[in-house]
Structure formats: C-alpha cells, structure tokens
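Asks: Residue 668 in the UniProt record's numbering is what sits at position 668 of the sequence shown, and the numbering runs on without skipping anything.
Take a look at the following structure, please.
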Amino acid sequence: MLRSFGKRIPGDGNTAATSVAYQLSETSFIYPITPATTMGELVDAWIAQGRKNIWGNKVHMAMMQSEGGAAAAVHGATAVGALCATFTASQGALLMIPDMYKIIGEMCPAVSHISARCIATSALSIYNDHGDIYACRATGMPILFSNGVQEAHDLAAVAHLTTIHTGLPFIHTFDGFRTSHEINTYEELDNETLWPLIDQKALAAFRARSLNPEHPSERGTICGPEYVWQMHEKLRKPFQALPTEVEKMMKALGDKTGRYYKPYQYAGPRDPENVIIMMGSGCDPVEEYITEHPEFKTGLIKVHLFRPFSVEMFNAAIPASVKKICVLDKVVDPTGPREPLFEDVAAALIGERNVKIIGGRYGISSRDFAPVHVEAIVKNLASELPKDRFTVGVVNPETQLPLGKPFDHLPEGTKQCMFWGLGSDGTVGANKQAIKLIVSNTKLYGQAYFAYDAHKSGGVTTPHLRFGAKPINAPYYVQNADYIACHNPSYLHKFDMTKQLKKGGVFVINFPGSADLNKDLPGSFRKAIAEKDAKLYTIDATQIAIDLKLPGRINMLMQTVFFGLANIIPAEECIALLKKSIAKQYARKGKEVIQKNWDMVDHALQGLKEFKYNKAEWLNAPVEPRPKHEGIRHIIDMSILQEGESVSVDEMVEIGLVPNDTAKYEKRGIAVTVPKWEEKKCIQCNTCAMVCPHAVIRPFLLTQEEAKGLTTLKAKGKEIKNYQFRIQITPLDCTGCATCVTSCPTKALSMTYRNAKLDEEEGKNWDQCLAAPNRGHLLPPTNVRNVQFRQPLIEFNGACQGCGETAICKLLTQLYGDQLYLANATGCSLVWGATFPFNPFTTNERGHGPAWANSLFEDNAEFGYGMFKAVEARRNITKKLVVELLESGEIKGELKELFEQLLKVWDQDKESGDLAEKIKPLLAKVQNPSEKMYALQSQADILSKKQVWIVGGDGWAYDIGYGGLDHVLASGENVKIIIYDTEVYSNTGGQCSKATSRGAVANFSAAGYTKAKKDLGAIAMTYKNIYVASTCLLADPNQALKALQEAKEYNGPAIIINYSPCINHGIKKGLGSTPKHCKDLLKTGYLNLFRYNPAKPKPLTVDTKQPDYNLDPLVKGENRFAALKDIYPKEAETKFPQLINDMKTRYEGYKKIHETQ
C-alpha cells in the first residue's frame, strides 16, 4: 500500500492526524485529555514556530476551560464561517455530545479528532476501547475510523476535505495509544497534494451561508411540535448521500498517493467462506494472519465509515461466497442485547444476506490483540459450531476462546527489541530518538510502541521497537524479541522479562559491576537465559551515570549499548548520529550537558561486557516459588509481577473496590540512593518526615525494649521523656528524591547508595519500629515536630519522586484521617492515590482510615458536596433513631448511658469517636432487635463525627470544575477543600491552566503564558464567609499546619490552595531541592502565603514578608521560565516585567486589605 515517492516521516498517530488538521483548519479549540492531548500541543507549538496552514495563515487556537467549552467554541466558529478542528477522547467526547447535536443539526463543517479511549465506569482507564465513539453515534455525527498511523494521516485528510466539500461535520477517530502513540513510518501529504482536492466553490458556499450581519439570519430557534419532525427528517437527505462523497474523496486521494481506501474495505481471498468485520487497529493483525493462512478461506471487512452506515456499500463489500460472519467489538455493553457494531451489521444484513453471524469482544483497555488471538477467532469461525458471544484475550471461563503459543508473521529480516525501563530514567525518550535516527538516516522502516504501568515517574515503561526493510503494520506487542534490555536491576527479581526472547537472542542488564552473576541473579532468570541459549551482556550503567555526574539518567548509555549490539546499522555510524542528535537535543542546556552526554556515549561500549555463563549450571538453577494468595492479595501479586492480565473475571473484585493498606506490598525498590540518618546531628525537629512525599521516613518513639538493637536518642520533651527517639526509613518504598535531606536544618541526613544488605537491615529495622504502638497522641499537634509523631494514614503512594502534592494530603490524614472522607478530582492525585490494586491509604489501630473516592474531573466539588450532604443526612437520621429509642426505653443499661453521653458530644470529633468505639460492640450484641433498633445497628458506622474534604488539582479547581467549586463554596455549608496547585495540568503532561503564571512555558502556551494567574483565593474572599488560605507546605510547614487546623475548626466553607512543585516545572536541581527552592520563591514574591478567617475581627493574616521581586529563582532555577528566555527572548523581555508587576499587584493587594481591616 505504501509507495515510495513521498516524504517518509517517523511519527505517531496523533502527529499524523494533527499535521493534516493543521493544514486544513483555520481555527482550533482544545482542552487536554489523554491520549488526545498531544494533538492540541502540536497545534500550539506549530503556531509558536510560525507554521502556516494550506492558505498561508497561522491557525487561530484557544484553550478552553473544558471539552464542553471547546465544542461550543467549535460550534460558534463554524457558525460564522471558519473551518475548525478539535481533539478529544473518552469523557471529553461525552462532554462534547450536547454541542455535537447542535453542530450536526446546523451542518457546521468541523472535524473532531478522537483518540478513542475507555469511558470511566467503576475505574478510570486511559487506554483504548470504542465506548466513547459508540456513545457519540446517536448524535448523528459522521464517523470515520482509521486503523493505523498512515491511515490516521490519510483519513484525517478525507474527513477534512469531505467536510469542506459537503459542508457536513465529521468525527475522525483512531485507537488511543495503540495508534495515537505508536510511532511508525508514514508518507506525508504535502500542500501540493491536498490543494487540488479542496472544493473552493463549496468553501465559498459555506462562507456565504454562515452568520453575518451583512446577510443576517438567525439560528437555534425554539420550535413548536408541528415543525420539529420535518426538520429531523430533512437532515436525513444530505447524510444519505455522504457515503458516496466519502468514497469519491477516498478515490481522489488514492489517485494522488497510490493509497486507496474504501468506506468498507475488503481484504482476503476472492472466494472466502468466512468474514471478520471490525474497525480500528485490530484490523492489521487480522489481515496479517489471513494473508499467511489462506487455508481458512477467511476475509476481513475494515469498517472505515461507521456513520452514516451505508447498508448498500457494506453488503456490496461482502463477497457472495461468504457463509459465516464474525463481528468484533471493542467495548463491553453490560445491558444491551449485543454490542453496537454487531447490531449495525445484523441490521444491515436483514433481508440482504442469509449468513450465520456471531460476535465477540477483544482488546478492551488496549489489551494486546496479537496473531495468537486472531488465530483463535479464525479457527473458531471456521469450525462447524462456532462459539458466539466469545471473548479473546481475557481470562473468562464462560466466554474465552482457547489460545495457542505466541507468534507473529512479520516481514523477513524485521528486528524486534524490548526495553524494560523506569519512568523518568529517559528510556522512552531515548527509544523515540533511536527510531527517528534510524528511519531518518536509513531506508529502514520503524515502529515503536510504549507500554506503561499506571504509576507516575518511577513506574515501569516497556518500549517495543521494530525495524525492517519493509513497512511494519503490527499493532501488537513484540512476540519474539531479538534484543531485550533491563534498565533497572530490581526488575530481575520481579518480572519474567525473558518470555519474549528468541532462541539465541541478546539480553542486556544494567547490573552492579561488583556483583557475582552466578549468585546475585535470580535462579529463574538464569535458568530462562540458559534455556533460550541467549547471549548475556552487562553494564553498570547506574554507576557510570553517577561517575559522569548524571545520576539516574542512564538513557544515553543504554541507547548506545542498543546501537552497539542490535546490528540494525553499523555501530560506528549510529554513534556518530547519536552524538549529532545529542548536540541538537541539548543545545539550550549548554555545552557542559552536551559533553556529559557525549561522555555517556563514549563510556557505554567500554563498560559493556559479555558474560559467558555455564549453561549446564544455569539450566539447573533453583527457581523461586511464586506467591500464592487469594482475593485482592492475588491481584496484588499479579500486578507486582506485571501479570495482571492473568487475573480472571471471576477473581476480579466487585466494582473495582480496593481495601486500604495494600500499597505496602508493592516494594518497588526504585531508589538509587536513600537517606541515611546521622543521629548525632539530629535535633528531633521531624521536618524530614513532614516534607517526605511518600511517608518513607518517620520519627518513632520507642521504649528501651522496643528499641533493642537500634541506634536511638533520648526523646526531647516532658511528655515523651521516657521514650527513645529514632528516625527510620524503609528503603524499598523510598523513591530517592532527597527532599528530606534538603529540608534538614542540621544536615543530619545524607544520601547513600542502596544495596541488598542495606535493604534487608533497614527493612527489618522498619518492621521493628512499626511493631511499636504509635504514640502521637502523647503530644498536641500544634507544630511540625509534634504532629509528625502521629501515624500518616497514606504511605508509599505512586507519585513522582519529590512530588509537591502528597505531603499536605499526608498531613491531613495525620490530623483527621481516623474519620475522613476524601472526594478526589481526576488528575495526578487519582493516579498516585488510587492506582489499582495499590491503595496507599492505610488504617490505624482501630482499623479506621481515609475513605477515598473519585467521580470525574469536572464534577468533583459537586461529588464531594453530595458526600457531605449524605453524611449529614445519615447522622441526622441516626440521631433521631437514638433519641426515639431512648425515649421508648428500648436502649437500656450501659448502652443507654453511652448514648446519652454521645448525644451531648454529637458534633465533637474525638469525643464522639471514642464513645462510638464503646457503643458499637454493645449495639451489635442486641438480640432480636426491633425495626428501629435494627435500623440503628445498620447506622453504627456513622455514630462518630465525620469529615468530608474535597481535593484535586488546579486544572479541576481553576478551570473545568470551577463552576461547581464556586457553587459549593457559595452554599455556606461546612465543606472543606484543598487544591494541589501545580500551576499546570500535571497528569496530562503539563498544559497551562488559569493557575499558570504569566511567562511560564507550558503545553498550550509554548511562547509563554500571556495572562496573570487567576487569584482564586481573592475571589473566594469576596464571599466574606469562606475560610481561605494560601499555603506551601514545603516552604512553610507550620503555616500549612495552622491553615489545616483553622480550616477544619471554621464553621463554614473552607478552601486551602497549596502550592505544589511539579516535575513539569523543570526545577533544575530536581524536585528534591524544593524545600529550599520554595523558600526562595517566597522571598521573590512569586508565592504569597496568607490565611483569611472570617471568624476573626481582622480576618486576613499575611504570612509572607515583603518580597524582593528578584526573578532569578524562576529564570535560573526552573526550565519553564528559563525556556522562554532561551527560545523566545523577545517574549521574555515583555512578559517578565509584566510578571513582576503581577506579583507586586497581588502582594500589595493583600497587604492593603490586611492594613485597612
């Protein structure tokens, strides 16, 4: 299909689609949502770079506050005669649906590019199915499906060109991640190819019928029942002709490029007996298999045009010889008779064809769909009695098809490689660079796909790369790898990484140079390597990176090793190209950084060693026993082993419910260095524990007996003078961020390298300390030192190393976690707080702990408000029951006395909680309860006073959820809110929000944000009855502690905006430096800390001293500001003085309120 006369581009599906969208659009309205976000980022970047569309103009783009807002803006733009594109996925597409009805009803020529993604139900998944597309089908929007990267490019053009020609809108969609993020080699459509295909007369006609005061009309009228039906029927006519117009445009594009498509495209033998019907990236492995296995007489129909569904064209595409049809759907419809595509196919066949039709489900949430799965489907369809309503790729005894062993049918000579990397170690970036280097500098084709776990940086990343002389259309994981590299030594003890390795393949490990591989490598790994007769190479990349002053950044080392061993192109040539790319990639970071990376390249092959193992000995290596647990522990075990797909449907927990206290089992061991306590320098301030993002360093109060064998200090303070004090870490849970070291005022902590001995010793010490009772209750929680003796009820979360969000959440649990509800907005805090099946929220000695829940992104304030009102309602009902049962005399004896005491302290946290603990066992013992007593027993868990806190990031609070947030605050109810203010959309990769400061470079503001940061605190203060605090726990932990306590005690709504440094800020000294860095930001006036308490005669307290307005900590310390000066110096000359003025205006405004109150 791919001809060689065009420009070959190594790029992903999002890039392929967006490049055409940019060429053929005049306006664009965007909002970030994974996996579509990068499409909007590309538009923004191209505008900043001065790129022109096909008419010689920059696209006019704006970021909106939500996907609903983006769709409304698209509607408005097209209504007045501008061609428009937008980009979205999943819940974002659902938010666009109301406007889609309007856009289709008014025939507005816009194209929505959707990276198809799962819709959140009992759990959120950022990966692919077709649920969002199916949800849009009732709107009437035409829907065009692409099956791969080249098609995403070509059919994006078909969608835009047909939109211009017909004046009708389109959804152009492709599989999220599997296509959107797969890098492949595609042939680019240039302006010379596209220009003749633009219907200039149709474009002029669209302008002529648009809204304009010079030829005025009105749209969107209200209509009586006598006319509505006619309007709806009238809409059918232009859409009935649309399939023919799409087919014509596909042919016209094919005549230009040699790549021909059809709305319903058949592939396979001329006289098939069976046909598989599907859409999306799964079409390629099916076509690959049926081409290699003609004996099954099976063909494939690729559905490109899903809406409008042309019955005539569809039936014409099915060969007359077909007797059986199998429809594959990539969605689960738990209540429908069948899945959507099946229903369409069945309806299209009625009265047209007499064939047997079966259906099945595959590939949900980007589950791999490989040749072995296709084989199962083809063999099932070819059997005499094919199984209907089947699944393939999921363990479900009721529906699953049996699978054989993995295989592939790739073009001869294709090289396949896998890399097991650590999020943020540069593996993914290096692999992207590798494929671009190879494809751009050779005649080879390349394909790359990147599998991630759900953690933030520090998670497992597994790139899959292929290279070959022929095009590669294999949208599934590598099945038979020539080369596998393990970049993190800890993985060798966790995962089976040899499964995909070919016989005689190459396996490279980053492993300590001092290790004895015959002893230190796991037996299972040694045995597997010997069975595969593999070549084993080692390199101590971690130590080399340390020696070259780039600790943790092993990407260039491992990439050089890959080039040296993979034999794709000569190593010398690769290394020269690599050095050239380094100079370009790091040009803005200076010669020193470039030289360090060149040194990495030079040292890599010098440090590489082949290990000649004794095959006979390794074949007999003892294999470690696999864990054997049931229930949630079994699911946890499989997740740790990266074998979650082996969990069966029957084994899965109901509604995705995860009990507290499961994160402790993960033991990721990702830190290179961990903190070491030097007790002689320690002043027992506990600041280290306060700022720790992951609760891996804690102070303990121990008796002499409990402290036996441990180094301790005599605890300071009269309340705890009889105890020993110790700072203890848990190395396997530490991420090595060094935030604790930076925060220590006496340098009593330093970073030391992890090793097996340290892990074992400190792990035992941790368990010994943890076995002692928590004694935080002995001290009032009035300062940092005291409160840190309390047990944190969140630990070992999945946040990035040094994350600025988690510490204030941890502090909240230390203060109030015993009776705490948390309503959490979708975003980073969802990922680090609830990555299934690891729940970092834990429990205290009572078994109590935070009850956490997430609804969506946009509705979190309302969701939390609903929780608050429900708790209030349940407690009111319960109180009424208690009163009535006491009055009736049904509650007697000790239980009566306790309930009478409880009513007196009903709204007091500790007192009601203590009494509830005494009441519950007695209440449960009541035999033969009356109806009211039974009702009271069912409400026993609501007797103690509860707290509901609503938490989330600035993307939620400042933008998409602001309307709901404002409404909840305005309610006057006793709701409490914390905003993790990272000043960007952190979870989707760092897009600007209204919390972004002027001049900051972020995605969607490539040339620096153009506006002042929204002052949400000042807005909230205008209500006069809301407690408002601006905090930065890392800069001033005592002020953050005061704010939390005051907010909780305030009888009314409260909001705390906590500045939270983020990896997207590009802090040059790393997130571990943030305790000092944030103090510097206070001095500059970039941060302003204050507390506004309406209960006080003078509500506003400004906690920040007079700033000096020196931007050096920003411009020299953070890449988001440094990049503006480096890339767009003229913009910096304008925006930095404006930023200083913004800072002065804000601080002086607070100061004036403070002085005049």
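Cβ coordinates follow ideal geometry from the N, Cα and C atoms, glycine included.
Within the same chain, show all residues whose beta-carbon is closer than 6 Å to that of Pro850, passing over the 5 residues directly before and after it, in chain order.
Replies: To locate residue 850, count along the sequence shown from 1; it is residue 850. Scanning its chain for C-beta atoms nearer than 6 Å, with the 5 sequence neighbours on each side dropped, one finds around Pro850 the residues Leu793, Thr813, Gly817, Leu820, Leu822, Phe841, in chain order.
Asks: Identify the continuous alpha helix (DSSP H) that holds Tyr289 and give its terminal residues.
Replies: Residue mapping note: residue 289 aligns to position 289 of the sequence shown, counting from 1. Here the alpha helix (DSSP H) through Tyr289 covers 283-292.
Asks: State whether the stretch 363-381 contacts the stretch 279-296, with contact taken as three or more CB pairs (one from each stretch) at a distance under 8 Å.
Replies: yes
Asks: Residues bridged to Asn1003 by DSSP?
Replies: Position 1003 of the sequence shown holds residue 1003. According to DSSP, Asn1003 bridges with Gln991.
Asks: Identify every residue that forms a DSSP beta bridge with Ile978.
Replies: Locating residue 978 in the sequence shown gives position 978, where the first residue counts as 1. Val951, Ile1056.
Asks: Can you name, in chain order, every residue of its own chain whose Cβ lies under 6 Å from the Cβ of Leu211, other than the five neighbours on each side?
Replies: Residue mapping note: residue 211 aligns to position 211 of the sequence shown, counting from 1. These residues qualify, in order along the chain: Ala79, Val80.
Asks: State the Cα-Cα distance for the pair Gln1039 and Ile30, rounded to the nearest angstrom.
Replies: By one-based count along the sequence shown, residue 1039 stands at place 1039. By one-based count along the sequence shown, residue 30 stands at place 30. Distance from the CA atom of Gln1039 to the CA atom of Ile30, rounded to whole angstroms, is 38 Å.
Asks: Just how far apart, CA to CA, sit Gly359 and Glu592?
Replies: In the sequence shown, residue 359 corresponds to position 359, counting from 1. In the sequence shown, residue 592 corresponds to position 592, counting from 1. If you take the alpha carbons of Gly359 and Glu592, they lie about 60 Å apart.
Asks: In the stretch 815-879, which residue ranges form an unbroken beta strand (DSSP E) of at least 3 residues, counting only runs that do not cross its ends?
Replies: 820-824, 851-854
Asks: Report the three-state DSSP secondary structure of Tyr31 (helix, strand or coil).
Replies: On the sequence shown, position 31 is the one that residue 31 refers to. Coil, per DSSP.
Asks: Sorted by chain position, which residues of the same chain lie with C-beta nearer than 8 Å to Gln1045's C-beta, five sequence neighbours on each side aside?
Replies: As a first step, residue 1045 is located in the sequence shown; it is residue number 1045 there, counting from the start. Answer for Gln1045: Pro781, Leu815, listed in chain order.
Asks: Work out the CA separation of Gln595 and Thr427 for me, nearest whole Å.
Replies: Along the sequence shown, read from residue 1 onward, the residue named residue 427 stands at position 427. Along the sequence shown, read from residue 1 onward, the residue named residue 595 stands at position 595. In a straight line, the C-alpha of Thr427 is about 20 Å away from that of Gln595.
Asks: How about Lys535 and Lys503: are their beta carbons less than 8 Å apart?
Replies: In the sequence shown, counting from the first residue as 1, residue 535 sits at position 535. In the sequence shown, counting from the first residue as 1, residue 503 sits at position 503. No, they are not a contact pair.
Asks: Could you spell out the range, first to last residue, of the alpha helix (DSSP H) harbouring Ala571?
Replies: Counting from one through the sequence shown, the residue named residue 571 turns up at place 571. Looking at the DSSP string, the run of the alpha helix (DSSP H) that includes Ala571 is 571-585.
Asks: Taking the alpha helix (DSSP H) that Trp598 falls in, what are its first and last residues?
Replies: Position 598 of the sequence shown, counted from the start, is the residue given in the question as residue 598. Here the alpha helix (DSSP H) through Trp598 covers 591-607.
Asks: Mind checking Thr1104: buried by the 16 CB within 10 Å criterion, or exposed?
Replies: Taking the first residue of the sequence shown as 1, we reach residue 1104 at position 1104. Buried: at least 16 other Cβ atoms inside 10 Å.
Asks: Measuring alpha carbon to alpha carbon, tell me which residue in Ala970, Cys803, Asp1142 is nearest Pro1053.
Replies: Locating residue 1053 in the sequence shown gives position 1053, where the first residue counts as 1. Of Ala970, Cys803, Asp1142, the residue nearest in Cα terms is Ala970.
Asks: Any chance the stretch 223-232 sits against the stretch 157-170, with 3 or more Cβ pairs inside 8 Å?
Replies: no
Asks: Near Phe5, which residues of its chain fall below 6 Å by C-beta distance, leaving aside the five closest residues on each side in sequence?
Replies: Against the sequence shown, residue 5 aligns to sequence position 5. Confidence in Phe5 is poor, its pLDDT being 49 and thus under 50, which makes the residue's placement unreliable; the coordinate value appears in the next sentence. For Phe5, where only same-chain residues beyond five positions count, there are no Cβ hits under 6 Å.
Asks: Whose CA, out of Leu437, Ile357, Tyr477, Val345, lies closest to the CA of His409?
Replies: Position 409 of the sequence shown, counted from the first residue, corresponds to residue 409. Per the Cα distances, Tyr477.
Asks: What number of angstroms, rounded off, separates the C-alpha of Asn274 from the C-alpha of Lys519?
Replies: On the sequence shown, position 274 is the one that residue 274 refers to. On the sequence shown, position 519 is the one that residue 519 refers to. Taking the straight line from one Cα to the other gives about 55 Å.
Asks: Which residues in the same chain as Arg526 place their Cβ atom closer than 6 Å to its Cβ, once the five residues preceding and following it in sequence are excluded?
Replies: The residue given as residue 526 occupies position 526 in the sequence shown. Excluding positions up to five away in sequence, the list reads Trp618, Ala621.
Asks: Looking at the structure shown, is Glu917 part of a helix, part of a strand, or coil, going by DSSP?
Replies: As a position in the sequence shown, residue 917 is number 917, starting the count at 1. Glu917: helix per DSSP, three-state reduction.
Asks: With Leu300 as the anchor, note down where its beta strand (DSSP E) starts and where it stops.
Replies: Mapped onto the sequence shown, residue 300 falls at position 300. Start and end: 298-303.
Asks: Just to confirm the assignment, what range does the alpha helix (DSSP H) spanning Gln230 have?
Replies: The residue you call residue 230 lines up with position 230 of the sequence shown. Note, Gln230: alpha helix (DSSP H), 225-240.
Asks: So, helix, strand or coil for Asn380, using DSSP?
Replies: Within the sequence shown, residue 380 is the residue found at index 380, counting from 1. Assignment of Asn380 by DSSP, reduced to helix, strand and coil, places it in the helix class.
Asks: Considering only the beta carbon of each residue, do Tyr483 and Phe562 sit closer than 8 Å?
Replies: Looking up residue 483 in the sequence shown gives position 483. Looking up residue 562 in the sequence shown gives position 562. Contact flag set, yes.
Asks: Counting Cβ pairs, one atom from each stretch, are 3 or more of them under 8 Å apart for the stretch 415-424 and the stretch 463-471?
Replies: Short answer: they touch.
Asks: State the DSSP-derived secondary structure class of residue 1159, mapped to helix, strand or coil.
Replies: No answer is possible for residue 1159: it lies beyond the span of the chain, which begins at 1 and ends at 1157.
Asks: Are there any heavy atoms of the ligand HEM lying less than 7 Å away from the beta-carbon of Ala376, as far as the coordinates show?
Replies: Looking for the ligand HEM in the displayed structure turns up nothing, as the structure carries no ligands at all.
Asks: What separation, rounded to the nearest whole angstrom, lies between the Cα atoms of Phe725 and Lys681?
Replies: By 1-based counting over the sequence shown, the position of residue 725 is 725. By 1-based counting over the sequence shown, the position of residue 681 is 681. So the two alpha carbons sit approximately 13 Å from each other.
Asks: Where does Asp954 land, buried or exposed, given buried means 16+ other C-beta within 10 angstroms?
Replies: Here residue 954 refers to the residue found at position 954 when the sequence shown is read from its first residue. Its Cβ being crowded by 16 or more others within 10 Å, Asp954 is buried.
Asks: Tell me whether Ser115 sits in a helix, a strand or coil according to DSSP, three-state version.
Replies: Within the sequence shown, residue 115 is the residue found at index 115, counting from 1. In this structure, Ser115 counts as strand in the three-state DSSP scheme.
Asks: Which class does Ser457 belong to by DSSP, given the choice of helix, strand or coil?
Replies: If you number the sequence shown from 1, residue 457 lands on position 457. Assignment of Ser457 by DSSP, reduced to helix, strand and coil, places it in the coil class.
Asks: Helix, strand or coil: how does DSSP classify Lys1024 here?
Replies: What you label residue 1024 is simply residue 1024 of the sequence shown in a count that begins at 1. Correct three-state label for Lys1024: coil.
Asks: Quick one: using the 10 Å Cβ neighbour count with 16 as the cut-off for buried, is Cys223 buried or exposed?
Replies: Mapped onto the sequence shown, residue 223 falls at position 223. When all chains shown are included, Cys223 counts as exposed.
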